[in-house]
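Okay, structure first, notes after.
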Amino acid sequence: MFSTKKDLYKYLLVMGISTMVVFSLYSINTSADKINHGIPKEYYQNKQLGYVFHWLRDRSIKSTYFLLFGNFRGATVSYSLTKPKLNFKYRDNIYANYALPKEKNDKVKYELNGFLMKKIKSNQYQIKLAVKNNHLLPQKSGKTYIFTKVRVSPAKQYANKYSEPIFVNYYANLLSDNVNKQYQKALSGGKQVTDPKTDPVLQQRIKAASQVYAQRSANSLADLFNTGFYKK
4 MFSTKKDLYK
14 YLLVMGISTM
24 VVFSLYSINT
34 SADKINHGIP
44 KEYYQNKQLG
54 YVFHWLRDRS
64 IKSTYFLLFG
74 NFRGATVSYS
84 LTKPKLNFKY
94 RDNIYANYAL
104 PKEKNDKVKY
114 ELNGFLMKKI
124 KSNQYQIKLA
134 VKNNHLLPQK
144 SGKTYIFTKV
154 RVSPAKQYAN
164 KYSEPIFVNY
174 YANLLSDNVN
184 KQYQKALSGG
194 KQVTDPKTDP
204 VLQQRIKAAS
214 QVYAQRSANS
224 LADLFNTGFY
234 KK
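Letter by letter, the sequence shown follows residues 4 to 235 in the numbering used here.
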């Protein structure tokens, strides 16, 4: 786990993965003795969306947890912060609270958010998702999806299936652009060089390199979701 939030931001920016961090309040009008506060230990997934979220203890801050949202079809992991007393179970439903920080003019303001996990079966919940700050997140309102509670993280599977192809395209375009710039520079210098687009050996190298980098990025994304940090 990162020792400071600055360390977390640094890693996220270096890896080029979208993230967010948070605090929030989901109020309910009921007697306190019917509420059970606590942090869910399982993972909640929607296979069709390639989406999963879970809570993770932030050991650098007392009684603070990360709430991580993995949108693997979008190749992103979003962050939030919360505390046990802001998450509670009432009549088999779970009320989760978090807040998204928004930095403006070197000042950080927190946007309060929360969502309801409505239990429909022993291991299934109805949860609403909506786009906020360019991220698909559980919200109080939005489109309803069914999430299944599981004990083992599906992040690795989702990252390989959904995120890796996105990274392959990203690196292929990046490498092709760099090679093309070198080609144009050589032409302007009066050198006779082969067009990289018609060079099968070079194209194969670009493809192979893109796959290697994409696999590493997919693995890093899964590690980020599962443990809160990138494995080097």
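For every residue, glycine included, the Cβ atom is placed at its ideal position computed from N, Cα and C.
If contact is defined by three or more beta carbon pairs under 8 angstroms, each pair taking one atom from either stretch, is the stretch 64 to 84 in contact with the stretch 188 to 197? no
Return yes when the C-beta of A102 is under 6 angstroms from any heavy atom of the ligand SAH, and no when it is not. Judged by which ligands are present, the structure shown has none, so any question about the ligand SAH falls away.
At what residues does the alpha helix (DSSP H) containing N222 begin and finish? Indexing the sequence shown from 1 puts residue 222 at position 219. It spans 203 to 230 - the alpha helix (DSSP H) in which N222 sits, taken as one unbroken run.
From R131 to P203, what distance separates their C-alpha atoms? The residue given as residue 131 occupies position 128 in the sequence shown. The residue given as residue 203 occupies position 200 in the sequence shown. The sequence as given places Lys at residue 131; Arg does not occur at that position. Going by the C-alpha atoms only, they are around 48 angstroms apart.
Below 8 angstroms, how does it come out for the stretch 195 to 202 and the stretch 149 to 163: are there three or more Cβ pairs, yes or no? no
Within 10 Å of its beta-carbon, does L224 have 16 or more other beta-carbons around it, so buried, or fewer, so exposed? As a first step, residue 224 is located in the sequence shown; it is residue number 221 there, counting from the start. Buried, since its Cβ has 16 or more Cβ neighbours within 10 Å.
Under a three-way DSSP split, which group does N74 fall into? Counting from one through the sequence shown, the residue named residue 74 turns up at place 71. Here N74 sits in strand by DSSP.
Using DSSP bridges, identify the partner residues of V196. Walking along the sequence shown from the start, residue 196 turns up at place 193. BP columns for V196 are empty, so no partner.
Is the CB-CB distance between Y68 and V153 below 7 angstroms? As a first step, residue 68 must be located in the sequence shown, where it is residue number 65. As a first step, residue 153 must be located in the sequence shown, where it is residue number 150. No. Outside cutoff.
At the level of alpha carbons, what is the spacing between A102 and F72? Working through the sequence shown from its first residue, we reach residue 102 at position 99. Working through the sequence shown from its first residue, we reach residue 72 at position 69. Distance between the alpha carbons of A102 and F72: 13 angstroms.
Under the assumption that T43 contacts I97 (Cβ atoms under 8 angstroms), give the Cβ distance between them as a whole number of angstroms. As a working note, residue 43 is residue 40 in the sequence shown. As a working note, residue 97 is residue 94 in the sequence shown. Before going on, a small fix: residue 43 reads as Pro here, not Thr. Rounded, the Cβ-Cβ distance is 6 angstroms, consistent with contact.
Report all residues from its chain with a CB closer than 8 angstroms to the CB of K105; omit the five preceding and five following residues, and keep chain order. On the sequence shown, residue 105 is found 102 positions in, with the first residue counted as 1. Excluding sequence neighbours, K105 sits near V111, K112, Y113, E114, N136.
In whole angstroms, what is the alpha-carbon distance linking W58 and F228? In the sequence shown, the residue the question calls residue 58 occupies position 55. In the sequence shown, the residue the question calls residue 228 occupies position 225. The straight-line gap from Cα to Cα measures roughly 10 angstroms.
Limits of the unbroken beta strand (DSSP E) element including N100: Working through the sequence shown from its first residue, we reach residue 100 at position 97. Element bounds for N100: 96 to 107.
With distances taken between CB atoms, is the gap from G41 to P87 smaller than 7 angstroms? Here residue 41 corresponds to residue number 38 of the sequence shown, with the count starting at 1. Here residue 87 corresponds to residue number 84 of the sequence shown, with the count starting at 1. Cβ distance < 7 angstroms, so G41 and P87 count as in contact.
Report the rounded CA-to-CA distance for A175 versus S213, giving the unit in angstroms. Residue numbering aside, residue 175 sits at position 172 when the sequence shown is read from its first letter. Residue numbering aside, residue 213 sits at position 210 when the sequence shown is read from its first letter. One C-alpha to the other measures close to 5 angstroms.
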